[in-house]
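Okay, so here's the structure we're looking at.
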């Protein structure tokens, strides 16, 4: 880490003094925040040396189909399940879809929310080992927003409500697991791996084939990647860099190489944010303060005041773990709902729902989903639901573009380009 200038050192000292007086957060959160700001001020290199980037081999990004099948012996399956804990990231707010709380409480199908589906999926897995499902919750850290003008915490300026604070990205999941006491509790129960996924990814279900591979090969970390389409060109990708596997995000790419990064010919895979991580390795790296993921500066404005949020991403941690790999998985393991157009897809006859699992309709010949573009009138979930009396049949739809004051009746079938 580069040394701080005298001005930045003074800035950090003043900030540290102000943060020490904040009673709303723990000592762990205070030190985590100061550590993050210190790294940011030191100007850690964000860009990569383009000439050092190599395409990862099949040993580093393992094709899913090459992994050995799940053991057929029920005792072996039970042993695998007993090593696993599932962690769903519930931080995504449904603000872009007109919701005020977590997106996971939006109804997906048949009156069931994302959370309902997640619990059902786990219960189905649990049936195989006849044990009672346990659900634990914990909060990630909250850090004070930084006022850009004088680099002081927003809560110290009188804005001590929720607008004064922010969650520092899902890269915080590892230290939050540790600081909450959950990590030690899980280790004491013999748990070895955590499967981390976004709660809005309906394709992120437990896959014992991946877990079996990790246990056998002692991989501490596995990131699920899947083939890029033109809709995913901005998504992070895995590269080999200075002998290690690393996540490359668009923000790290030098301007002159951005178009190359977006190419689906050169960078063919992207990060689904389905991650499998060894719990003992998390404990070791958090204790060593070794998880120094790339910092993502996120400028915002609160009541006319320009503020800065410093965040990190869980996928960027891959380079700190031993024997870390990617797994090139089927696209069916990536089915996120980020907008009302995605909701239309998963509520339609393009998918079926059984046992909490959303499965693609085999009647559709085209492997790609229809391209759906809904106008601003459909952006909020409440408006979306009002404008569709029932969800149209779209099994034979190639693309749909809706603009203006459009309402859909019942029994509608959309085919080709509409």
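In the numbering used here, the protein residues as written are -12 to 405.
Heads up, the beta-carbon is just placed ideally off N, CA and C, and yes, glycines get one too.
Here the structure is a predicted model, which means the values were calculated and not measured.
message: If contacts are defined as beta-carbon pairs under 8 Å, then residue 209 and residue 201 qualify, I think. What distance do you get, rounded to the angstrom?
response: Sure, about 6 Å apart at Cβ, within 8 Å.
query: Which word fits residue 373, buried or exposed, when buried means at least 16 other C-beta atoms lie within 10 angstroms of its C-beta?
result: Around the beta carbon of residue 373, fewer than 16 other beta carbons sit within 10 angstroms, so the residue counts as exposed.
- prompt: Got a sec: is the Cβ-Cβ distance from residue 100 to anything in chain D below 9 Å?
  reply: You won't find chain D in this structure, because it holds only one protein chain.
field: Residue ranges of each beta strand (DSSP E) within the stretch 90 to 139, 3 or longer
entry: Fully enclosed beta strand (DSSP E) runs of 3 or longer: 94 to 96.
task: Using a threshold of 9 Å, state whether the C-beta atoms of residue 300 and residue 158 are closer than that.
output: Cβ distance < 9 Å, so residue 300 and residue 158 count as in contact.
query: alpha helix (DSSP H) containing residue 2: first to last residue?
result: Counting along the chain, the alpha helix (DSSP H) containing residue 2 begins and ends at -7 to 7.
- prompt: How big is the Cα-Cα spacing for residue 203 and residue 55?
  reply: Distance between the alpha carbons of residue 203 and residue 55: 10 Å.
task: Could you spell out where the beta strand (DSSP E) holding residue 313 opens and where it closes?
output: 312 to 315 is the span of the beta strand (DSSP E), which, as asked, contains residue 313.
query: How about the stretch 133 to 142 and the stretch 286 to 297: do they share at least three Cβ pairs that are nearer than 8 Å?
result: The answer is yes - the stretch 286 to 297 touches the stretch 133 to 142, with three or more Cβ pairs under 8 Å.
- prompt: Should residue 126 go down as buried or exposed, given a rule of 16 or more other Cβ atoms within 10 Å for buried?
  reply: By the neighbour-count rule (16 or more Cβ atoms within 10 Å), residue 126 is not buried but exposed.
message: Does the contact criterion of 3 or more C-beta pairs under 8 Å hold for the stretch 214 to 233 versus the stretch 149 to 158?
response: Result no; under three Cβ-Cβ pairs closer than 8 Å.
query: Can we say the stretch 163 to 176 touches the stretch 314 to 329, given the rule of at least three CB pairs closer than 8 Å?
result: Output reads no: the stretch 314 to 329 does not touch the stretch 163 to 176.
- prompt: What are the boundary residues of the alpha helix (DSSP H) that residue 220 is part of?
  reply: That residue, residue 220, is in no alpha helix (DSSP H); it is neither H nor E in DSSP.
- prompt: According to the neighbour-count rule (16 or more other Cβ atoms, all chains shown, within 10 Å of its Cβ), is residue 194 buried or exposed?
  reply: Label assigned to residue 194: buried.
query: Are residue 211 and residue 264 closer than 9 Å when you measure CB to CB?
result: At least 9 Å separates the beta-carbon of residue 211 from that of residue 264.
message: For the alpha helix (DSSP H) containing residue 415, name the first residue and the last one.
response: Only positions -12 to 405 of the chain appear in the structure, and residue 415 is not among them; the question remains open.
message: Checking the sheet assignment: what are the DSSP bridge partners for residue 41?
response: For residue 41, which the question treats as bridged, DSSP gives the partners 227.
query: Just checking, does the stretch 340 to 351 make contact with the stretch 96 to 107 on the three C-beta pairs under 8 Å criterion?
result: Yes: the two stretches touch, three or more of their Cβ pairs being nearer than 8 Å.
query: Closest to residue 312 by CA distance: which of 390, 197, 240 is it?
result: The residue from 390, 197, 240 with its alpha-carbon nearest to that of residue 312 is 197.
task: Compare the C-alpha of residue 75 against each of 24, 190, 48 and name the closest.
output: Comparing Cα-Cα distances from residue 75 to each of 24, 190, 48, the minimum goes to 190.
message: I need the straight-line Cα distance from residue 381 to residue 396, nearest angstrom please.
response: Here the alpha carbon of residue 381 sits roughly 14 Å from the alpha carbon of residue 396.
field: Reference residue 310, options 160, 205, 20, 50, closest by Cα
entry: Looking only at 160, 205, 20, 50, the smallest Cα-Cα distance to residue 310 is reached by 205.
query: To the nearest whole angstrom, what separates the beta carbons of residue 324 and residue 187, a pair I think is in contact under 8 Å?
result: Right, their Cβ atoms sit about 5 Å apart.
field: Short Cβ contact (9 Å threshold) for residue 223 with residue 236
entry: A contact, by the Cβ cut-off of 9 Å.
Reference residue 129; option with closest CA among 371, 375, 20, 262: Residue 20 is the option with its Cα nearest to residue 129.
message: Check for me: the beta strand (DSSP E) holding residue 20 runs from which residue to which?
response: No beta strand (DSSP E) contains residue 20, which is instead part of the alpha helix (DSSP H) from 14 to 28.
field: residue 336 (DSSP reduced to helix, strand or coil)
entry: In this structure, residue 336 counts as coil in the three-state DSSP scheme.
query: To the nearest angstrom, how far is it from the Cα of residue 304 to the Cα of residue 49?
result: Going from the Cα of residue 304 to the Cα of residue 49 covers about 18 Å.
query: Where residue 370 and residue 296 are concerned, what is the direct C-alpha to C-alpha distance, given to the nearest angstrom?
result: So the two alpha carbons sit approximately 31 Å from each other.
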